[in-house]
Amino acid sequence: NRITNDELKELRKAVVGKRIGEIIREDGH
1 NRITNDELKE LRKAVVGKRI GEIIREDGH
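Written out as structure tokens, the structure reads:
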């Protein structure tokens with residue numbers, strides 16, 4: 001099961017978005 005470049009980009013976006021969300025949540029405390 002090979003991952004295409006588009007799928008990889010979407011995955012990176014999701015990971016970055018999750019990380020940003022966690023940072024924002026920590027900032028709120």
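The sequence shown maps to residues 1 to 29 in full-length UniProt numbering.
Think of the CB as a built atom: it goes at the ideal place given N, C-alpha and C, for glycine as much as any other residue.
Assigned secondary structure, residue i (DSSP; H/G/I helix, E/B strand, else coil)
{"i": "residue 19", "result": "helix"}
{"i": "residue 2", "result": "coil"}
Any non-hydrogen atom of the ligand PLP within 7 Å of residue i CB
{"i": "residue 20", "result": "As presented, the structure is devoid of all ligands, the ligand PLP included, so that no description of it is given."}
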